[in-house]
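Structure, as structure tokens:
Number of protein chains: 2
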Amino acid sequence: MSEYKLHCFCQSGNAYKCALMLNCAGADWEPVFVDFMNGATRDAAWRASVNEMGEVPMLEHAGERLSQSGVILHYLADQLGKYGGESESERREIWRWILWDNHKFTSFFASYRFRRSFAPSAEPAVMDFLKDRIDAAFAIADKRLAQTPFVVADRPTIADFSMIGYLFYPTEETGYDLTTTHPNIAAWVARMQALDGWQDPYDLMPGQRIAPRSS
Amino acid sequence: MSEYKLHCFCQSGNAYKCALMLNCAGADWEPVFVDFMNGATRDAAWRASVNEMGEVPMLEHAGERLSQSGVILHYLADQLGKYGGESESERREIWRWILWDNHKFTSFFASYRFRRSFAPSAEPAVMDFLKDRIDAAFAIADKRLAQTPFVVADRPTIADFSMIGYLFYPTEETGYDLTTTHPNIAAWVARMQALDGWQDPYDLMPGQRIAPRSS
Numbered sequence: 665m666s667e668y669k670l671h672c673f674c675q676s677g678n679a680y681k682c683a684l685m686l687n688c689a690g691a692d693w694e695p696v697f698v699d700f701m702n703g704a705t706r707d708a709a710w711r712a713s714v715n716e717m718g719e720v721p722m723l724e725h726a727g728e729r730l731s732q733s734g735v736i737l738h739y740l741a742d743q744l745g746k747y748g749g750e751s752e753s754e755r756r757e758i759w760r761w762i763l764w765d766n767h768k769f770t771s772f773f774a775s776y777r778f779r780r781s782f783a784p785s786a787e788p789a790v791m792d793f794l795k796d797r798i799d800a801a802f803a804i805a806d807k808r809l810a811q812t813p814f815v816v817a818d819r820p821t822i823a824d825f826s827m828i829g830y831l832f833y834p835t836e837e838t839g840y841d842l843t844t845t846h847p848n849i850a851a852w853v854a855r856m857q858a859l860d861g862w863q864d865p866y867d868l869m870p871g872q873r874i875a876p877r878s879s
Numbered sequence: 665m666s667e668y669k670l671h672c673f674c675q676s677g678n679a680y681k682c683a684l685m686l687n688c689a690g691a692d693w694e695p696v697f698v699d700f701m702n703g704a705t706r707d708a709a710w711r712a713s714v715n716e717m718g719e720v721p722m723l724e725h726a727g728e729r730l731s732q733s734g735v736i737l738h739y740l741a742d743q744l745g746k747y748g749g750e751s752e753s754e755r756r757e758i759w760r761w762i763l764w765d766n767h768k769f770t771s772f773f774a775s776y777r778f779r780r781s782f783a784p785s786a787e788p789a790v791m792d793f794l795k796d797r798i799d800a801a802f803a804i805a806d807k808r809l810a811q812t813p814f815v816v817a818d819r820p821t822i823a824d825f826s827m828i829g830y831l832f833y834p835t836e837e838t839g840y841d842l843t844t845t846h847p848n849i850a851a852w853v854a855r856m857q858a859l860d861g862w863q864d865p866y867d868l869m870p871g872q873r874i875a876p877r878s879s
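Listed in order, the protein sequences are those of chains B and D. Here the first sequence is numbered in the working numbering, starting from 665 and rising by one per residue. Here the second sequence is numbered in the working numbering, starting from 665 and rising by one per residue.
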């Protein structure tokens, strides 16, 4: 039995944040498949036993059951001694970018991709609303990444694993080709992809790949 | 000069999270007005000197400049010795709810209120999109607050100050009357309102009150 068990599925970039960190850190881990696409996380029994917030990822380790990718990434940084902050001010910077990621960077982009590719339909007004917010957040990140190779330091930290969550999904799913629109983000994505242990989300996590509706 | 300076404005529930905690903790603090409604946070010079993320609140203290309400609340809990977690597991629970608040609980509700009351117009499809997400998040919080008087413990913590941010704005702005729709959230709001130092957001923070468009 592996030391870490991560409840996840291949379409979840929030789960991928943790899966990728586990893999890059060389941890002994295995995925536990959650059938999100068929409603598993909306089931009352699943919520009662796994996560009342109805979300993946969920990490099992040493009798602990943790949810929220930002909590899991911090826990793993402590446990594995990798990708954490090295000073109080770096630790605050990491939290600052992870909070912003949850609020503004991952959140709207994840919703946009899901509605575009996997939902039965997508209201144009909602897609415009999301796109405005994605473009505002991506501009801030692109500017930041013009100044620093990784989000918080000159080495990758858990802030990078958090923000990178949805950026390895293909353009046919997301509708974004960052190499043309946001070159500094694209260059950072390439730096993350060069890490030992990097794997594509569809290779790293279980579940069936689904052809995106829009393609 | 006060010990803490909080850059804020009266319509910002994210700033209110920190203003209310400062006040309830009895800290020596003063607000610094940010003219968000007239575009101050979109100004490049403001972003360069105050917060590259273009957001309030921002806290100045002892030479530090901190942004993201979740970072500020943790910093204040450490500095003031109040409303923090008392064990590792409580500290993780606090972060778990603050992350979820940023992603799902505050975020959609804040956007909904802003578009409903202060934006020039609100697309019905976008409002429906936001309302579906608000209702899903409020159901989770209402269930939680049926089991516990405050979000994480039997006493208020910074998780409560985070989640309460937008819930003292009036029904005419938010469109929600929680006493009829979510009684456990409403009872918790009343418990927070009973804390020493509680003040209404429009009394606690500077700026001009604006009549909501929809009323």
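Heads up, the beta-carbon is just placed ideally off N, CA and C, and yes, glycines get one too. Since we're looking at a predicted model, the values are computed, not measured.
Drop a sphere of 10 angstroms on the beta-carbon of residue i, count the other beta-carbons inside from all chains shown, and report buried for 16 or more, exposed for fewer.
i, result
"residue 788 (chain B)", "exposed"
"residue 774 (chain B)", "buried"
"residue 751 (chain B)", "exposed"
"residue 887 (chain D)", "Nothing can be reported for residue 887 (chain D), as the shown portion of chain D is limited to 665 through 879."
"residue 712 (chain B)", "exposed"
"residue 854 (chain D)", "exposed"
"residue 884 (chain B)", "No information on residue 884 (chain B) is available, as it lies outside the stretch 665 to 879 that chain B covers here."
"residue 818 (chain D)", "exposed"
"residue 805 (chain B)", "buried"
"residue 729 (chain D)", "exposed"
"residue 742 (chain B)", "exposed"
"residue 867 (chain D)", "exposed"
"residue 770 (chain B)", "buried"
"residue 765 (chain B)", "buried"
Enumerate in chain order the residues of its own chain whose CB-to-CB distance from residue i is below 6 Å, with the five nearest sequence positions on each side excluded.
i, result
"residue 838 (chain D)", "777"
"residue 749 (chain B)", "755, 758"
"residue 700 (chain D)", "673"
"residue 746 (chain B)", "689"
"residue 843 (chain B)", "850"
Among the residues of its own chain, which have a CB less than 8 Å from the CB of residue i, if the five just before and after it don't count?
i, result
"residue 721 (chain D)", "670, 671, 672, 676, 678, 679, 681, 682, 683, 731, 733, 736"
"residue 666 (chain B)", "692, 693, 694"
"residue 786 (chain D)", "779, 780"
"residue 812 (chain D)", "818"
"residue 761 (chain D)", "815, 816, 823, 826, 827"
"residue 625 (chain D)", "Examination of residue 625 (chain D) is not possible in this model, given that chain D is present from 665 through 879 alone."
"residue 763 (chain B)", "734"
"residue 723 (chain B)", "668, 669, 670, 671, 682, 729, 730, 731, 736, 739, 740"
Is the beta carbon of residue j closer than 8 Å to that of residue i?
i, j, result
"residue 860 (chain D)", "residue 688 (chain D)", "yes"
"residue 846 (chain D)", "residue 802 (chain D)", "yes"
"residue 834 (chain D)", "residue 856 (chain D)", "no"
"residue 864 (chain B)", "residue 832 (chain B)", "yes"
"residue 772 (chain D)", "residue 794 (chain D)", "yes"
"residue 877 (chain B)", "residue 782 (chain B)", "yes"
"residue 738 (chain D)", "residue 822 (chain D)", "yes"
"residue 815 (chain B)", "residue 827 (chain B)", "yes"
"residue 716 (chain D)", "residue 797 (chain B)", "no"
"residue 790 (chain B)", "residue 790 (chain D)", "yes"
Can you list, in chain order, the residues of its chain with a C-beta nearer than 7 Å to that of residue i? Leave out the 5 residues immediately preceding and following it.
i, result
"residue 697 (chain B)", "673, 870, 871"
"residue 690 (chain B)", "861"
"residue 784 (chain B)", "none"
"residue 702 (chain B)", "none"
"residue 616 (chain B)", "What is shown of chain B runs 665 to 879, which leaves residue 616 (chain B) out entirely."
"residue 704 (chain B)", "698, 710"
"residue 810 (chain B)", "848"
"residue 744 (chain B)", "689, 691"
Any heavy atom of the ligand SAH closer than 7 Å to the beta-carbon of residue i?
i, result
"residue 834 (chain B)", "As presented, the structure is devoid of all ligands, the ligand SAH included, so that no description of it is given."
> the region 764-792 of chain B: which residues have C-beta closer than 7 Å to a C-beta of chain D, in chain order?
Replying inline: Result list: 764, 766, 767, 771, 787, 789, 790.
>> Taking beta-carbon pairs under 9 Å, can you tell me which members of the region 709-725 of chain B lie near chain D?
In response: Hits within the stretch, in order: 711, 716, 717, 718, 719.
>> Any C-beta of chain D within less than 9 Å: which residues of the region 733-744 of chain B qualify?
In response: Per Cβ criterion, the list reads 733, 734, 735, 738, 739.
>> Using a Cβ distance threshold of 8 Å, determine whether the region 850-867 of chain D contacts the region 860-873 of chain B, with at least three qualifying pairs required.
In response: The region 860-873 of chain B and the region 850-867 of chain D do not touch, with fewer than three beta-carbon pairs separated by less than 8 Å.
> What residues in the region 748-759 of chain D bring their beta carbon closer than 7 Å to a beta carbon of chain B?
Replying inline: Residues passing the 7 Å Cβ filter: 756, 759.
>> Which residues of the region 672-695 of chain D have a Cβ closer than 8 Å to any Cβ of chain B? Give them in chain order.
In response: Correct list: empty, as no residue qualifies.
> Residues in the region 810-822 of chain B with C-beta within 8 Å of chain D's C-beta atoms, listed in sequence order?
Replying inline: Those would be none; no residue qualifies.
> Listed in chain order, which residues of the region 821-836 of chain B have Cβ atoms closer than 8 Å to some Cβ of chain D?
Replying inline: Residues: none.
> Using Cβ-Cβ distances below 7 Å, what residues of the region 792-806 of chain B are close to chain D?
Replying inline: If the cut-off is 7 Å between Cβ atoms, the region 792-806 of chain B has 793, 804 near chain D.
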